[in-house]
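Student: Residue numbers (full-length UniProt numbering), protein chains in the order written: chain A, 1 to 200; chain B, 1 to 200.
Beta carbons: idealized from backbone N, C-alpha and C, even for Gly.
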């Protein structure tokens, strides 16, 4: 037995969402049709409207339906600090951690020549224009601590090397918590990067 | 920091899906906007179309956009057997298990006077019409083995008691697998309902 064509089509469509397999897609489709038709209509309208209207901030490239995002519009941020992140989710994580008062630039990915993702795709021309304006004193390269994130950070630092800005990278090391659960790569990297310590 | 209003609205809208909390909703919204705009458009259109067009089979009340569902239309099912289930998902589970060749009737829930769900809400008038036509010889009451499912099965059997049909209920007992993982309620019920056994 299969469900009717429109229900099967809906189940298939739900598979586009991250982490949604056939069972979850079935549960979502039946849930909407059996119990949440009003909520389902709102969901359909929200998806369509967001996809239609949400674009990229002209200044930092984060997702927003306005020409400039709220953070770029804010007068209370430090224009001399610019944090480069791979995604809006990374940006949110840094904001929620608190302590950073500068501006952001969102790449929406990392360099990946093999997938055809070059400097322009991740907005490096716009980033260069921004730095060339002269207000930025330090660029915090907060790309992911992965091979691709590292390569992207190195590329950006070399590309912008002539503008006299400082570059920094997030500190690597063991996360807070119990050592026992830290993966080997992180642990050996933290070991190699060990810092002087005194009891003062 | 919050995301822009349309993105926040989209995250809120995703919460209507079963099992989707704030973190998952954020991941889904950003995923669609960052990487799956085409798939997102198809999803929005599928949800809207399904909610608009999918109704209930006139004969068995399962979800379908046609007047009659494929299973009710099929000439290869036994009209004398009628299996009553709470949901299309239960119906699918029974079909996938195989072995049942009769027809179905879908309640879309169970009796729950406290929530205002009475006999008509779960289609018992339509079920009675079906049985009154005289073709059905046995009604398999496959409502859930819960207090509400039991009560609904009892209600149906007493309501249809005058039509001379047999009633049956799915066998209860331990599921296949290891006893160790079976919950106490199921185990004590299986114990009380133990059956004679011989080595023949």
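1) Quick check: what's the CA-CA separation for residue 30(A) versus residue 190(B)?
2) Leaving aside the five residues before and after residue 58(B) along the sequence, list all residues of the same chain whose C-beta is less than 7 angstroms from its C-beta, in chain order.
3) For residue 176(A), does the count of other Cβ atoms within 10 angstroms reach 16, so buried, or fall short, so exposed?
4) Strictly by DSSP, which residues pair up with residue 141(B)?
5) Short of 8 angstroms Cβ to Cβ, which residues in the stretch 15-26 of chain B face chain A?
6) Can you name the residues that DSSP bridges to residue 163(B)?
7) Just to make sure I have the definition right: I need the residues of chain A whose C-beta is within less than 7 angstroms of the C-beta of residue 58(B). Which are they?
8) Just the chain A side, please: which residues come within less than 7 angstroms of residue 64(B) by C-beta, in chain order?
9) Taking C-alpha atoms, which residue in 18(A), 5(A), 33(A) and 25(A) lies nearest to residue 11(A)?
10) Name the two residues that bound the continuous beta strand (DSSP E) containing residue 131(A).
11) Please list, in chain order, the chain B residues whose beta carbon lies closer than 8 angstroms to that of residue 108(A).
12) With residue 127(A) and residue 101(A) assumed to form a contact (beta carbons below 8 angstroms), what rounded beta-carbon distance in angstroms separates them?
13) With a threshold of 16 other CB atoms inside 10 Å of the CB of residue 125(B), please say whether the residue is buried or exposed.
14) Grab the span of the beta strand (DSSP E) containing residue 103(B) for me, first residue to last.
15) Of the residues that make up the UniProt domain "Toprim" (80-175) of chain A, which ones have a beta carbon closer than 8 angstroms to any beta carbon in chain B?
16) Check whether chain B comes within 8 angstroms of residue 30(A), counting only Cβ atoms and requiring the distance to be less than that.
17) So with Cβ pairs under 8 angstroms, would you call residue 69(B) a contact of chain A?
18) Any contact between the stretch 35-53 of chain A and the stretch 81-90 of chain B? By contact I mean 3 or more CB pairs, one from each, below 8 angstroms.
19) Quick check on residue 153(B): buried or exposed, where buried means 16 or more other Cβ atoms within 10 Å of its Cβ?
20) Just the chain B side, please: which residues come within less than 9 angstroms of residue 190(A) by C-beta, in chain order?
21) My guess is that residue 103(A) and residue 18(B) are in contact by the Cβ rule of under 8 angstroms, so how many angstroms apart are they, rounded?
22) Is it buried or exposed for residue 134(B), if we count other Cβ within 10 angstroms and need 16 for buried?
23) By alpha-carbon positions, which one of 145(B), 3(B), 196(B) and 92(B) ends up nearest to residue 23(A)?
24) Is residue 53(A) close to chain B? Criterion is C-beta to C-beta, closer than 8 angstroms.
25) Go ahead and pull the three-state DSSP assignment for residue 112(A).
26) Given a threshold of 16 other Cβ atoms within 10 Å of its Cβ, counted over all protein chains shown, does residue 122(A) qualify as buried or as exposed?
27) Unbroken alpha helix (DSSP H) runs of length 4 or more, entirely within the stretch 18-52 of chain B: which are they?
28) Put residue 90(B) into one of helix, strand or coil per three-state DSSP.
29) Which class does residue 177(A) belong to by DSSP, given the choice of helix, strand or coil?
30) According to DSSP, what are the bridge partners of residue 55(A)?
31) Do residue 111(A) and residue 131(A) have their beta-carbon atoms positioned less than 8 angstroms apart in this structure?
32) Using a Cβ-Cβ cutoff of less than 7 angstroms, which residues in the same chain neighbour residue 113(A) once the five nearest sequence positions on both sides are dropped?
33) Determine, for residue 76(B), whether the minimum Cβ-Cβ distance to residues of chain A falls below 8 angstroms.
34) If you count every other CB in all the chains shown that lies within 10 Å of the CB of residue 32(B), and 16 or more means buried, which is it?
35) Does the beta carbon of residue 61(A) come closer than 8 angstroms to any beta carbon on chain B?
Tutor: Inspection of the coordinates gives the following:
1) The residue you call residue 30(A) lines up with position 30 of the first chain. The residue you call residue 190(B) lines up with position 190 of the second chain. In a straight line, the C-alpha of residue 30(A) is about 32 angstroms away from that of residue 190(B).
2) Within the second chain, the letter at position 58 stands for residue 58(B). Cβ within range, chain order: 67 and 68.
3) Along the first chain, one-based indexing puts residue 176(A) at 176. Counting Cβ neighbours within 10 Å, residue 176(A) comes out exposed, since fewer than 16 surround it.
4) Residue 141(B) sits at position 141 when you count from the first residue of the second chain. DSSP, once it has assigned bridges, lists 84(B) and 169(B) as partnering residue 141(B).
5) Residues passing the 8 angstroms Cβ filter: 16, 17, 18, 19, 24 and 26.
6) Reading the second chain from its first residue, position 163 is the one you call residue 163(B). Residue 163(B) pairs with nothing; no bridge assigned.
7) The residue labelled residue 58(B) in the question sits at position 58 within the second chain. What residue 58(B) touches in chain A: nothing, since even the nearest Cβ is about 13 angstroms away.
8) As a working mapping, residue 64(B) is identified with position 64 in the second chain. Within 7 angstroms Cβ-Cβ: 4.
9) Translated into the one-based positions of the first chain, residue 11(A) becomes position 11. The shortest C-alpha separation from residue 11(A) is found at 25(A).
10) For the purposes of this step, residue 131(A) is identified with residue 131 of the first chain, where counting begins at 1. Taken as a continuous stretch (DSSP letters only), residue 131(A) belongs to no beta strand (DSSP E), being part of the alpha helix (DSSP H) at 124-132.
11) As a working note, residue 108(A) is residue 108 in the first chain. Near residue 108(A) (Cβ distances below 8 angstroms), the residues of chain B are 34.
12) As a working note, residue 127(A) is residue 127 in the first chain. As a working note, residue 101(A) is residue 101 in the first chain. That pair is no contact at about 20 angstroms.
13) As a position in the second chain, residue 125(B) is number 125, starting the count at 1. Looking at its Cβ environment, which holds fewer than 16 other Cβ atoms inside 10 Å, residue 125(B) is exposed.
14) Start at 1 with the first residue of the second chain, and residue 103(B) comes out as number 103. Per DSSP, residue 103(B) belongs to the beta strand (DSSP E) from 102-106.
15) Against chain B - using a Cβ distance shorter than 8 angstroms - the residues of the UniProt domain "Toprim" (80-175) of chain A are 87, 88, 89, 91, 92, 95, 96 and 108.
16) One-based indexing of the first chain puts residue 30(A) at position 30. It does: the Cβ of residue 30(A) has a partner Cβ on chain B nearer than 8 angstroms.
17) Counting from one through the second chain, the residue named residue 69(B) turns up at place 69. Output row for residue 69(B): interface = yes.
18) These segments do not touch.
19) Locating residue 153(B) in the second chain gives position 153, counting from the first residue. By the C-beta density criterion, residue 153(B) is buried, having at least 16 other C-beta atoms within 10 angstroms.
20) On the first chain, residue 190(A) is found 190 positions in, with the first residue counted as 1. The premise fails here: residue 190(A) is roughly 27 angstroms from chain B at the closest Cβ pair, so nothing lies under 9 angstroms.
21) Mapped onto the first chain, residue 103(A) falls at position 103. Mapped onto the second chain, residue 18(B) falls at position 18. Not confirmed; about 39 angstroms, so no contact.
22) Within the second chain, the letter at position 134 stands for residue 134(B). With fewer than 16 other Cβ atoms within 10 Å, it is exposed.
23) By one-based count along the first chain, residue 23(A) stands at place 23. Nearest of 145(B), 3(B), 196(B) and 92(B) to residue 23(A), Cα basis: 92(B).
24) Within the first chain, numbered from 1, the residue matching residue 53(A) stands at position 53. For residue 53(A), the answer is yes, since a Cβ of chain B falls inside 8 angstroms of its Cβ.
25) On the first chain, residue 112(A) is found 112 positions in, with the first residue counted as 1. Of the three classes helix, strand and coil, the one that applies to residue 112(A) here is strand, per DSSP.
26) Here residue 122(A) is taken as the residue at index 122 of the first chain, counted from 1. Buried, since its Cβ has 16 or more Cβ neighbours within 10 Å.
27) 22-35
28) Numbered from 1 along the second chain, position 90 holds the residue referred to as residue 90(B). Residue state, collapsed to three classes: helix.
29) Sequence index remark: in the first chain, residue 177(A) carries index 177 (1-based). In the displayed model, residue 177(A) falls within coil according to three-state DSSP, outside both helix and strand.
30) In the first chain, residue 55(A) corresponds to position 55, counting from 1. In the DSSP assignment, residue 55(A) forms a beta bridge with 64(A).
31) Locating residue 131(A) in the first chain gives position 131, counting from the first residue. Locating residue 111(A) in the first chain gives position 111, counting from the first residue. Cβ distance not < 8 angstroms, so residue 131(A) and residue 111(A) don't count as in contact.
32) Here residue 113(A) refers to the residue found at position 113 of the first chain. No residues qualify anywhere along the chain.
33) For this step, residue 76(B) is matched to residue 76 along the second chain. It does not; no Cβ of chain A falls within 8 angstroms.
34) In the second chain, counting from the first residue as 1, residue 32(B) sits at position 32. Looking at its Cβ environment, which holds 16 or more other Cβ atoms inside 10 Å, residue 32(B) is buried.
35) By 1-based counting over the first chain, the position of residue 61(A) is 61. By this cut-off, residue 61(A) is not an interface position.
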